[in-house]
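In what follows, a structure is listed as structure tokens, so that the remarks can point back to it.
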Amino acid sequence: MDDLEILEADDDYYAFLNIPRDATFDQINSAYKSLSRIYHPDKHTDPDKKKDAEILFNRIKTAHQILSDAEKRNIYDLLGTKGLKTEGWELIHRKASPNEIREEYERLQREKEERRLQQLTNPKGNITLNINCTDIFNSYDVDYDIEPSLLSSIEISGMSMFQSIEVPLANNDAATLSGNLSVSNGQGNGRFTLSARRVLSSKGWIELDMGAGNGIVIGGKGLRNFGKRFFVNGQVNVNVRQNGIVPSLVGSLAIQLDRHTVGYLTYTAAGLSSSLSTVLERNSEKNYMNLTFSLGLPHSFIACNYIRRMMEYEAKLKLSGKIGTFGFQTEYGIEKKVSKYSSIHASVMVGVPTGVVMKIRFMRSSQSYNFFIQLSEEIIPAAVFYATAVPIVSYFILKKCILEPMDAEHHKKVVQKKKEMNEQKLQQKRREAAAAISLMQAQYERICTEEEQKDGLLILYAFYGKFNDDDDNTSLDKITIHEDSSLIDVKIPLQCLVKDSAIVVHSSSLKYDLPGFFDPAIGEDKVLKIQYKYRNQIDSIEFDEKDEIKLPLQI
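Quick note: the sequence shown uses this note's numbering, first residue -16, plus one each step.
As structure tokens, then:
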């Protein structure tokens, strides 16, 4: 769970009125009138109860005012109470559609972010390590006085590093400083580049580049939109070396074929090599596919890439294949999100002449660390098996021994922080819940009498919160609530929700926002356990936090 989601609590007006998210104006009014009969201050003569009723009635009135006002309800549905409190909000006093509301909110957020970016840089980095382990799987007939160890069979064959820093100069101007250094088989080279970009309009931008490394490089890039379906981009570089001048050119035309599909036609020329490529790219919510045809000198190929996004597992399954004049290769792998800002990618590349390569990539925000491990120069089944099995086994060991304990410790700290930050609010909610139950007493007794007379629905026991192991093994009639308990008794509030021998609590509602409830276990997974009697039959049931409640089970 996101730290901000844990630390920011938002009032659920739908839960407090116990109405669905798509409730009509009549349903909102009906819920308001029903609760007003219990909590309106004029209904109570006792000074203490009258004071408690005023607090609760103000919450009811606020919920009714926001949900019965179409504009405020749109804002609340999209953004919660923070949207109603946003500084600079300009839509409260005029008609607006949900899209207009969201656009206005995003505009305000962008302006805030742009001001922040004026003072900050945007670093990006990449470190790649090439590791040669071919001696493990490719044995040679060489006499060794000493048997080689596993470590002596591993060689660092190359390494490259890239780092860039972006410096915003104005809203439409930015400069980028970048550098890269690479070493392979004892030979190295590097380059330093300074780029300046200007956004000309919503239709395009230009960029000028100047670099030094293997000679001086001067060039430029640009992009231009032509309507909603077409755009072109291009790049021209001139590399001035000791042995001559090497120009390069890249030009691309893109066409939006439909909502999810884009086609590209790209021409590339650099020195004596050139190519013409056609790319068809389709990108939807769960799938990404890229099909490339490239005709060039000295290399022509056909390639296909497929990505399946598995949202429920926060993972991506990746498959690719490529065949050309220099051979073929296939690659399969998976990317898994391991924290809010970090993910791990592991894949296996098999081909000719590449052999078997295992790729491991760790990404943390805008930084990535890549390990390309050459297991064999030929396609050897044992190398393919180990390249597939080792990352899977390593991930589960990492998950069980490191990630899960770290997540548990982090979650514990965040929950504790939230408890400390919300201690005052929690005490207020606790007092409000106690006050609500006190004000419900007369209604509770009346409903119990009515339900008993017709063998209707009676709540015998009801507890809400986080159950520990002892509570899980204890029957509801023997559970006791102490001061520091993570459980609360909600028998009376639930009984007061009974109408015509039935209870309905909508799945969109957080149960701790129901009248008479509060959150006794902040940041923890909570359940509601109920034992009830209906038609002289006793039954028990358990509900998760967002489960819809329908009692009795026959309805």
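Every residue gets a Cβ at the ideal spot worked out from N, C-alpha and C, and that includes glycine.
The structure displayed is predicted, hence computed values, not measured ones.
Have a look at residue i and residue j and give me their C-alpha separation to the nearest angstrom.
{"i": "Phe284", "j": "Gly304", "result": "10 Å"}
{"i": "Ile114", "j": "Glu361", "result": "16 Å"}
{"i": "Val182", "j": "Val150", "result": "14 Å"}
{"i": "Ala504", "j": "Ala36", "result": "26 Å"}
{"i": "Asp156", "j": "Gln92", "result": "20 Å"}
{"i": "Trp610", "j": "Met272", "result": "The question about residue 610 has no answer here: the residues shown for the chain are numbered -16 through 538."}
{"i": "Leu440", "j": "Cys479", "result": "11 Å"}
{"i": "Ser13", "j": "Ile290", "result": "50 Å"}
{"i": "Ser359", "j": "Tyr315", "result": "17 Å"}
{"i": "Glu392", "j": "Ile119", "result": "39 Å"}
{"i": "Gln410", "j": "Gly210", "result": "57 Å"}
{"i": "Ala418", "j": "Glu268", "result": "47 Å"}
{"i": "Asn57", "j": "Arg207", "result": "36 Å"}
{"i": "Lys395", "j": "Thr244", "result": "44 Å"}
{"i": "Met332", "j": "Asn168", "result": "22 Å"}
{"i": "Lys512", "j": "Ala445", "result": "6 Å"}
{"i": "Gly334", "j": "Cys116", "result": "16 Å"}
{"i": "Phe500", "j": "Glu295", "result": "31 Å"}
{"i": "Pro364", "j": "Thr371", "result": "11 Å"}
{"i": "Asn41", "j": "Gln436", "result": "35 Å"}
{"i": "Ala286", "j": "Leu278", "result": "12 Å"}
Might you give, ordered along the chain, the residues of its own chain that have their beta carbon closer than 7 Å to the beta carbon of residue i, omitting 5 neighbours on each side?
{"i": "Phe175", "result": "Gly162, Gly194, Ala195 and Gly196"}
{"i": "Phe8", "result": "Ser51"}
{"i": "Arg224", "result": "Asn197 and Gly198"}
{"i": "Gln10", "result": "Ile2"}
{"i": "Asp438", "result": "Arg518 and Asn519"}
Going by DSSP, what residue range makes up the beta strand (DSSP E) through residue i?
{"i": "His47", "result": "Run containing His47: none in the beta strand (DSSP E); it sits in the alpha helix (DSSP H), Pro30 to Leu50."}
{"i": "Val262", "result": "Ser256 to Asn266"}
{"i": "Glu314", "result": "Gly310 to Lys320"}
{"i": "Tyr447", "result": "Leu440 to Gly448"}
{"i": "Asn109", "result": "Lys107 to Asn115"}
{"i": "Asp192", "result": "Gly187 to Gly196"}
{"i": "Asp522", "result": "Gln520 to Asp527"}
{"i": "Ile58", "result": "Where Ile58 is concerned, there is no enclosing beta strand (DSSP E), although the alpha helix (DSSP H) it sits in stretches over Ala53 to Leu62."}
{"i": "Asn270", "result": "Asn270 to Leu280"}
Keeping to the same chain, check which residues put their C-beta closer than 6 Å to that of residue i; ignore five residues upstream and five downstream.
{"i": "Glu507", "result": "Lys449"}
{"i": "Asp496", "result": "Asp(-5), Ala(-2) and Phe(-1)"}
{"i": "Ser231", "result": "Asn220 and Ala253"}
{"i": "Ile475", "result": "Ile420, Met423 and Tyr427"}
{"i": "Glu264", "result": "Val245 and Asn273"}
{"i": "Ser560", "result": "The requested residue 560 is not part of the displayed model; the chain covers only -16 to 538."}
{"i": "Arg292", "result": "Lys269 and Lys299"}
{"i": "Leu477", "result": "Ile442 and Ala445"}
{"i": "Asp502", "result": "Tyr495"}
{"i": "Val611", "result": "This structure leaves residue 611 out entirely; the chain is present only between -16 and 538."}
I'd like to know if residue i contacts chain C, where contact means its C-beta is closer than 9 Å to some C-beta of that chain.
{"i": "Leu386", "result": "The structure shown has no chain C; it contains just one protein chain."}
DSSP three-state call for residue i: helix, strand or coil?
{"i": "His328", "result": "strand"}
{"i": "Cys384", "result": "helix"}
{"i": "Val473", "result": "coil"}
{"i": "Val233", "result": "strand"}
{"i": "Ile462", "result": "coil"}
{"i": "Thr371", "result": "helix"}
{"i": "Ser19", "result": "helix"}
{"i": "Asp156", "result": "strand"}
{"i": "His76", "result": "With a pLDDT of 42 at His76, under the threshold of 50, the predicted position of this residue should be treated as unreliable, and no value is reported."}
{"i": "Ala6", "result": "coil"}
{"i": "Ile362", "result": "coil"}
{"i": "Val397", "result": "helix"}
{"i": "Ser136", "result": "helix"}
{"i": "Leu240", "result": "coil"}
{"i": "Val245", "result": "strand"}
{"i": "Leu497", "result": "coil"}
{"i": "Val376", "result": "helix"}
{"i": "Ser161", "result": "strand"}
{"i": "Pro151", "result": "strand"}
{"i": "Asp530", "result": "coil"}
{"i": "Lys509", "result": "coil"}
{"i": "Ala14", "result": "helix"}
{"i": "Gln92", "result": "helix"}
CB of residue i to nearest heavy atom of the ligand NAD: below 8 Å?
{"i": "Ser326", "result": "The ligand NAD is absent from the structure shown, which contains no ligand whatsoever."}
How far does the alpha helix (DSSP H) with residue i in it reach, from first residue to last?
{"i": "Ala504", "result": "No alpha helix (DSSP H) holds Ala504; DSSP gives it neither H nor E."}
{"i": "Lys408", "result": "Glu406 to Gln436"}
{"i": "Tyr542", "result": "Nothing can be reported for residue 542: it is not among the residues displayed for the chain, which extend from -16 to 538."}
Kindly confirm or deny that the segment 464 to 477 and the segment 440 to 455 touch, where touching means at least three C-beta pairs closer than 8 Å. yes
Can you find at least 3 beta carbon pairs, one from the segment 518 to 528 and one from the segment 415 to 431, that sit closer than 8 Å? no
Segment contact, 8 Å Cβ cut-off, at least three pairs: the segment 530 to 537 with the segment 23 to 30: no
Any chance the segment 219 to 226 sits against the segment 200 to 209, with 3 or more Cβ pairs inside 8 Å? yes
So, do the segment 136 to 147 and the segment 379 to 395 have three or more beta carbon pairs nearer to each other than 8 Å? no
Taking three-plus beta-carbon pairs below 8 Å as touching, is the segment 105 to 112 in contact with the segment 316 to 328? no
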